[in-house]
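In UniProt numbering, the protein residues as written are 1 to 103. Heads up, the beta-carbon is just placed ideally off N, CA and C, and yes, glycines get one too. Bear in mind the structure is a predicted one, so any value in this text is a computation, not a measurement.
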């Protein structure tokens, strides 16, 4: 099984070919190809390449499946004895990617 560790949106993701992942919002419409060159690790059946910090010449190609919003989170503020209550919600924009190729 071949997999890699990539960096996007300030986070690291372990990805494998054929897998679908959700990452921080990337610009682009569905069916558009995206190439990640910030690859920290590549593991195939017999070869392991560990970057210092990046693997030279390695890349991961993915396709945008959808632009969505994540689950809503609710943030509540409360101050005792003052009838102060505040509830706010937030939905982060995310991009769903299908991993096509690891090289």
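Contact between the region 56-76 and the region 92-102 is present, with at least three C-beta pairs closer than 8 Å.
Check the Cα spacing between residue 70 and each of 17, 40, 22: the tightest is with 22. Under the DSSP definition of a beta bridge, residue 12 partners with 7.
Setting aside the 5 residues that flank it on each side, residue 85 is surrounded in the same chain by 78, each with a C-beta closer than 6 Å to its C-beta; the list follows chain order. With at least 16 other beta carbons inside 10 angstroms of its own, residue 4 counts as buried. Within the region 77-103, complete beta strand (DSSP E) segments of at least 3 residues are found at 84-90, 93-102, given in chain order.
Within the DSSP secondary-structure output, residue 41 pairs in a beta bridge with 5, 50.
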